[in-house]
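>
2 protein chains.
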Amino acid sequence: MVVYNFAAGPAMMPQPVVTQIQAELPSLGGSGMSIMEVSHRAAAFGVIINQAETRLRTLMAIPDDYAVLFMQGGGTGQFAAAPLNLATNHRRIAVLDSGQWASRAAGEAARLGVAADVLATTKNAHYRHLPPLPPIAAATYDYLHLCINNTVEGTTYHHLPDAGSTPIVGDMSSNILAEQYHVRDFGLIFAGAQKNLGPAGVTVVIVRREWLHAVTAVPSMLDYRLFDQKKSLYNTPPVFAIYALNLVLQWVQEQGGVAEMQRRNEIKAKKLYAFLDESPVFANLVAKADRSLTNVVFNTGSEALDQAVVAQAAAHGLMNLKGHRSVGGLRASLYNAMPLAGVDALIDFLHDFEKHL
Amino acid sequence: MVVYNFAAGPAMMPQPVVTQIQAELPSLGGSGMSIMEVSHRAAAFGVIINQAETRLRTLMAIPDDYAVLFMQGGGTGQFAAAPLNLATNHRRIAVLDSGQWASRAAGEAARLGVAADVLATTKNAHYRHLPPLPPIAAATYDYLHLCINNTVEGTTYHHLPDAGSTPIVGDMSSNILAEQYHVRDFGLIFAGAQKNLGPAGVTVVIVRREWLHAVTAVPSMLDYRLFDQKKSLYNTPPVFAIYALNLVLQWVQEQGGVAEMQRRNEIKAKKLYAFLDESPVFANLVAKADRSLTNVVFNTGSEALDQAVVAQAAAHGLMNLKGHRSVGGLRASLYNAMPLAGVDALIDFLHDFEKHL
Chain C
360 MVVYNFAAGP
370 AMMPQPVVTQ
380 IQAELPSLGG
390 SGMSIMEVSH
400 RAAAFGVIIN
410 QAETRLRTLM
420 AIPDDYAVLF
430 MQGGGTGQFA
440 AAPLNLATNH
450 RRIAVLDSGQ
460 WASRAAGEAA
470 RLGVAADVLA
480 TTKNAHYRHL
490 PPLPPIAAAT
500 YDYLHLCINN
510 TVEGTTYHHL
520 PDAGSTPIVG
530 DMSSNILAEQ
540 YHVRDFGLIF
550 AGAQKNLGPA
560 GVTVVIVRRE
570 WLHAVTAVPS
580 MLDYRLFDQK
590 KSLYNTPPVF
600 AIYALNLVLQ
610 WVQEQGGVAE
620 MQRRNEIKAK
630 KLYAFLDESP
640 VFANLVAKAD
650 RSLTNVVFNT
660 GSEALDQAVV
670 AQAAAHGLMN
680 LKGHRSVGGL
690 RASLYNAMPL
700 AGVDALIDFL
710 HDFEKHL
Chain G
360 MVVYNFAAGP
370 AMMPQPVVTQ
380 IQAELPSLGG
390 SGMSIMEVSH
400 RAAAFGVIIN
410 QAETRLRTLM
420 AIPDDYAVLF
430 MQGGGTGQFA
440 AAPLNLATNH
450 RRIAVLDSGQ
460 WASRAAGEAA
470 RLGVAADVLA
480 TTKNAHYRHL
490 PPLPPIAAAT
500 YDYLHLCINN
510 TVEGTTYHHL
520 PDAGSTPIVG
530 DMSSNILAEQ
540 YHVRDFGLIF
550 AGAQKNLGPA
560 GVTVVIVRRE
570 WLHAVTAVPS
580 MLDYRLFDQK
590 KSLYNTPPVF
600 AIYALNLVLQ
610 WVQEQGGVAE
620 MQRRNEIKAK
630 KLYAFLDESP
640 VFANLVAKAD
650 RSLTNVVFNT
660 GSEALDQAVV
670 AQAAAHGLMN
680 LKGHRSVGGL
690 RASLYNAMPL
700 AGVDALIDFL
710 HDFEKHL
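Same order as they appear, the protein sequences are chains C and G.
All residue numbers for the first sequence refer to the numbering used here, where the first residue is 360 and numbers rise by one.
All residue numbers for the second sequence refer to the numbering used here, where the first residue is 360 and numbers rise by one.
1. Does the pairing of the region 415 to 425 of chain C with the region 447 to 461 of chain C give three or more beta-carbon distances under 8 angstroms?
2. If the cut is a Cβ gap below 8 angstroms, which residues of chain G does alanine 403 (chain C) touch?
3. Taking methionine 372 (chain C) as the query, report the chain G residues whose CB atoms sit under 9 angstroms from its CB, ordered along the chain.
4. Find out if the Cβ-Cβ distance for the pair alanine 603 (chain G), glycine 557 (chain G) is shorter than 9 angstroms.
5. Lysine 482 (chain G) to alanine 475 (chain C), Cα distance in whole Å?
6. Taking DSSP as the reference, what is the three-state secondary structure of phenylalanine 429 (chain C)?
7. Pull up the CB-CB distance for alanine 366 (chain C) and methionine 678 (chain C), whole angstroms please, since I reckon it's below 8 angstroms.
8. Please confirm if the region 381 to 389 of chain G is in contact with the region 516 to 536 of chain G, defined as three or more CB-CB distances below 8 angstroms between the two stretches.
9. What is the residue span of the beta strand (DSSP E) that aspartate 703 (chain C) lies within?
10. My output table needs one value for leucine 455 (chain G): the three-state DSSP class, helix, strand or coil.
11. For chain C, find out if any of its Cβ atoms is closer than 9 angstroms to the Cβ of isoleucine 380 (chain G); answer yes or no.
12. Note the first and the last residue of the continuous alpha helix (DSSP H) segment covering threonine 378 (chain C).
13. Is the region 536 to 543 of chain G touching the region 606 to 621 of chain G in the sense that three or more CB pairs, one from each, lie closer than 8 angstroms?
14. Histidine 710 (chain C) to lysine 627 (chain C), Cα distance in whole Å?
15. Using a C-beta to C-beta distance shorter than 8 angstroms, which residues of chain C count as neighbours of alanine 411 (chain G)?
16. So for methionine 392 (chain G), helix, strand or coil by DSSP?
17. Looking at valine 564 (chain G) and alanine 440 (chain G), is the spacing between their C-beta atoms short of 9 angstroms?
18. In the DSSP assignment, find the alpha helix (DSSP H) that holds aspartate 665 (chain G) and state where it starts and stops.
19. Just grab the DSSP bridge partners of asparagine 509 (chain C) for me.
20. Tell me the residue span of the beta strand (DSSP E) that contains asparagine 654 (chain C).
21. Is there at least one Cβ from chain G nearer than 9 angstroms to tyrosine 632 (chain C)'s Cβ?
22. What is the DSSP secondary structure of serine 462 (chain G), reduced to helix, strand or coil?
23. Check the Cβ-Cβ distances between serine 685 (chain G) and every residue of chain C, and say whether any is below 9 angstroms.
24. If we define contact as Cβ-Cβ less than 9 angstroms, is tyrosine 593 (chain G) a contact residue for chain C?
25. Strictly under 9 angstroms for the Cβ-Cβ distance: is proline 558 (chain G) near chain C by that measure?
26. Below 8 angstroms on the Cβ atoms is my guess for glutamine 393 (chain G) versus valine 377 (chain C); work out the distance and round it to an integer in Å.
27. Is serine 462 (chain G) close to chain C? Criterion is C-beta to C-beta, closer than 9 angstroms.
28. So, for serine 579 (chain G): in the same chain, excluding its five sequence neighbours on each side, which residues have a beta-carbon less than 7 angstroms away from its beta-carbon?
29. Which residues mark the beginning and the end of the alpha helix (DSSP H) in which valine 406 (chain G) is found?
30. Can you confirm whether proline 578 (chain G), when its beta carbon is compared against all beta carbons of chain C, has any partner nearer than 9 angstroms?
31. Can a CB atom of chain G be found closer than 9 angstroms to the CB of alanine 498 (chain C)?
32. Is there a C-beta anywhere in chain G that falls below 9 angstroms from the one on histidine 470 (chain C)?
33. Report the residue from G:Arg451, G:Thr480, G:Leu443, G:Ala696 whose alpha carbon sits nearest the alpha carbon of alanine 461 (chain G).
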């Protein structure tokens, strides 16, 4: 049975990448050593991490004055790193509360003594549309935190709000390389790997170098400038995860880059949303302009029926359709590695499910 | 050609573990999904992380009142986490400066505003023996930081110094499971995985629960109590690294546990040290009582000759014998996964090398 994995992350990876990793697992480049056994100071790994950086720079057209860092700790680590490194002037950041992960970012900043002002929230609307940004007074906030794609709620900032002179910190964990953005519109972008970039364990950070400065009382593992100076090799990095990331980046390049990924993702998402919008049973309640390409949330309105969908779908090889535990319902994550055939199989199954109700 | 990898970490892994990972890489347990694609909230991963904890508890006889945490960031992350979580009373820790990594731990604590008193150092003796612990006044320090095995300098605390009522924080990164210790002698033990536990990317923390308490202004990713409460699943953990770690733990159990590992490691190390002590060319200069089982440092006294050894050894499949870049010379790391045959091959090669000088 062909299996399609709709998990929100860790998530499906491109099949050729998994195949290549398996093939070369015992002996990287004929070295007789597994990538798991390769020293981060070895020349072979130097090639890999440099390739990964170069590929990401090419794919996202990252300007030279932005640093690319490979860190650990995922988005949650960055919820701390960003305020600790960058909220050193006003000690105050602005947040648009577009859902759970934006809210957690605000909470982490506050925990670390940085005021996090929620300028707008759509919580009362169940986050079914994105909060609009009110005018921001200049020189008030160190940055505006935006969760670019809201994995749990299924919304995306396809266009960034105008924050004026306030830099934007973008949590792009769930739609990096899935959709085109201009890096220059951000002061910083971060993304955990486990959705569009590879296995969990490495976190990509793209940050304007000019913004970096010496910080005090910040753990070294969260110090952007230190990681830039040491080219992400201050200590032992997650070697395997960076290796796998590099292969995923290669795959995206081979497929035609981010523009092609976006084109395919739009086709996949459009098809699924069109089905849901026509369905007498399933509904997506997100405002159309804000709908995510990568995370399609939907439900039947009945918890029991939703559970039946999850179970029966799994029996058909359509895995992990359960919505996030905080919101329930159903969710299909359509990251870059999900082929159109997977979406077609899902639609066929859902169609069949509703016919037999 | 059989390859033996003497790298200090990331390092050699048990061959059967690499083979198993390769075999099940495309489809974990017949699921049709790679371990790299498995959600950390999936039942399959719950089994894995629970097994890993149970196996580690069994192997190290970890008492129930100690928490076992799987974190990210390696030893360097713990150099921050330990003072941030545990040096909250006196805001002062004691350090025995036994080498580079102890010194870096002291530096990180100081960076974070915790006084780090170096009670003794053997820096002037090139760290060739361990610094003795002077008497410690009770209720002066939150803890004593000890680097149990000094990977760079090739020394080990085979017996812990008497710190009285001051808890010991042990950095066991390079000899965890290689040698038996009593967990109760420590308040906290930590270890990056990439030497004896598996691939880089996961860090094991063993900490007395009673010592944990609510902390303020500590990044969530470094918060021991939070990780204990959330069973290391506060956010997405490094799934693949924990999976591989679990298989390494299984292998250690199958081999006979830590006692058997120590027995083998003593045989391997004794053999290599005996050769070096007899050699007219190679010398290990570490005080015999303090010699490490896992990291044997040696040199010829000539940098050029050391380099020739590294290059010629590599041509014979004996890889990564270069000493740490900060001290030069040669180093053979003999972690659990290094078979006696590797040590024999190394001795044969070194013997041959000196004969042909």
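For glycine and all other residues, C-beta sits at the position ideal for the given N, C-alpha and C.
Keep in mind the model is a prediction, meaning the values are calculated, not measured.
With the given structure in hand:
1. Flag = no, the region 415 to 425 of chain C and the region 447 to 461 of chain C do not touch.
2. In chain order: nothing, as chain G lies at least about 11 angstroms away.
3. Ser393, Met395, Glu396
4. yes
5. 46 angstroms
6. Phenylalanine 429 (chain C) falls in the strand class under three-state DSSP.
7. 7 angstroms
8. no
9. First-last for aspartate 703 (chain C): 699 to 714, but that is the alpha helix (DSSP H), not the beta strand (DSSP E).
10. strand
11. yes
12. Start and end: 374 to 383.
13. Result yes; three or more Cβ-Cβ pairs closer than 8 angstroms.
14. 16 angstroms
15. The contacting residues do not exist; alanine 411 (chain G) stays about 15 angstroms from chain C at best.
16. coil
17. yes
18. 662 to 674
19. C:Thr514
20. 654 to 657
21. no
22. helix
23. It does not; no Cβ of chain C falls within 9 angstroms.
24. yes
25. yes
26. The sequence as given places serine at residue 393 (chain G); glutamine does not occur at that position. Between valine 377 (chain C) and serine 393 (chain G) the Cβ distance is about 5 angstroms, and since that is below 8 angstroms, they are a contact.
27. no
28. Leu585, Tyr593
29. Segment 402 to 419, the alpha helix (DSSP H) holding valine 406 (chain G).
30. yes
31. no
32. The sequence shown places arginine at residue 470 (chain C), not histidine. Interface residue, yes.
33. Closest by C-alpha distance to alanine 461 (chain G), out of G:Arg451, G:Thr480, G:Leu443, G:Ala696, is G:Thr480.
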